[in-house]
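Since the structure comes first, as structure tokens, the remarks are kept for the end.
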Amino acid sequence: MALKAMRGNIPGAAAAYAGGRNLGQLDPALQTELQSAIRDDAQAGDMQTLFSSFSSDEKWGLGYTERLGHMAAWIALQPPGHGQAVIEGQVQSGRLKMKPPSATELADAMLLAQKIYETAGKARKPSGA
Numbered sequence: 022m023a024l025k026a027m028r029g030n031i032p033g034a035a036a037a038y039a040g041g042r043n044l045g046q047l048d049p050a051l052q053t054e055l056q057s058a059i060r061d062d063a064q065a066g067d068m069q070t071l072f073s074s075f076s077s078d079e080k081w082g083l084g085y086t087e088r089l090g091h092m093a094a095w096i097a098l099q100p101p102g103h104g105q106a107v108i109e110g111q112v113q114s115g116r117l118k119m120k121p122p123s124a125t126e127l128a129d130a131m132l133l134a135q136k137i138y139e140t141a142g143k144a145r146k147p148s149g150a
């Protein structure tokens with residue numbers, strides 16, 4: 022059902038489909054389709070996709086810098102203080118393990134996060150604003 026929803030462009034469906042699967046065992050064409058849908062949803066600012074993609078690992082086919090950018094965008098789209106607190110809790114509990122980024126990785130991730138934030142912000146503005 023999640024695959025059908027993903028193909029119907031339902032936000033978050035790709036992350037839901039990917040969540041319970043070992044993507045390395047999927048047909049290569051489906052892997053590509055799924056990764057593209059995850060990226061599209063994340064770049065549109067879908068909160069569940071952003072969260073799922075940065076808390077995933079390499080098996081989703083997203084690079085470290087991309088996942089880091091999704092995390093930064095997710096934090097920025099949260100109410101002040103909330104996102105950072107959630108991430109800190111995830112790190113302290115051991116559920117989120119990410120290596121410290123290099124200066125280049127951090128700069129690239131922040132650029133991606135800014136693009137996502139701007140796109141999501143435009144989508145969330147009421148009409149006429």
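Note that my numbering has the sequence shown beginning at 22, numbered continuously upward. Note that the Cβ used here is the ideal one computed from N, Cα and C, for glycine as well. Note that this is a predicted model, so its numbers are computed, not measured.
Figure out for me which residue from A124, L83, D129 has the closest Cα to the Cα of A63. The residue among A124, L83, D129 with its C-alpha nearest the C-alpha of A63 is L83.
Quick check: the Cα distance between M119 and R28, rounded to an integer number of angstroms? Cα to Cα, M119 sits roughly 31 angstroms from R28.
Taking buried to mean at least 16 other C-beta atoms within 10 Å of its own C-beta, is L89 buried or exposed? Buried: at least 16 other Cβ atoms inside 10 Å.
Three or more C-beta pairs closer than 8 angstroms, one from the stretch 92 to 101 and one from the stretch 47 to 58: is that the case here? Because the criterion of three Cβ pairs below 8 angstroms is not met, the stretch 92 to 101 and the stretch 47 to 58 do not touch.
The alpha helix (DSSP H) spanning K25 covers which residue range? Segment 23 to 28, the alpha helix (DSSP H) holding K25.
Below 8 angstroms on the Cβ atoms is my guess for T86 versus A36; work out the distance and round it to an integer in Å. Actually they do not touch by this definition, with Cβ atoms about 19 angstroms apart.
Using the C-alpha atoms, what's the distance from A39 back to G115? Straight-line measurement puts the Cα of A39 at about 22 angstroms from the Cα of G115.
Report the rounded CA-to-CA distance for L47 versus K80, giving the unit in angstroms. Looking at the two C-alpha atoms, the distance is approximately 11 angstroms.
What's the gap between the Cα of G33 and the Cα of K136? Approximately 19 angstroms, taken between the alpha carbons.
Under the three-state DSSP convention, the category R116 falls into: Looking at R116 - three-state DSSP - the assignment turns out to be coil, as it is neither helix nor strand.
Which same chain residues, not among the five before or five after A150, have their C-beta less than 6 angstroms away from its C-beta? At A150, the pLDDT of 40 sits below 50, so the modelled position is not reliable; the number obtained from the coordinates is stated separately. Cβ within range, chain order: n/a, list empty.
Could you tell me the distance, in whole angstroms, from the CA atom of F72 to the CA atom of N43? Distance between the alpha carbons of F72 and N43 is about 18 angstroms.
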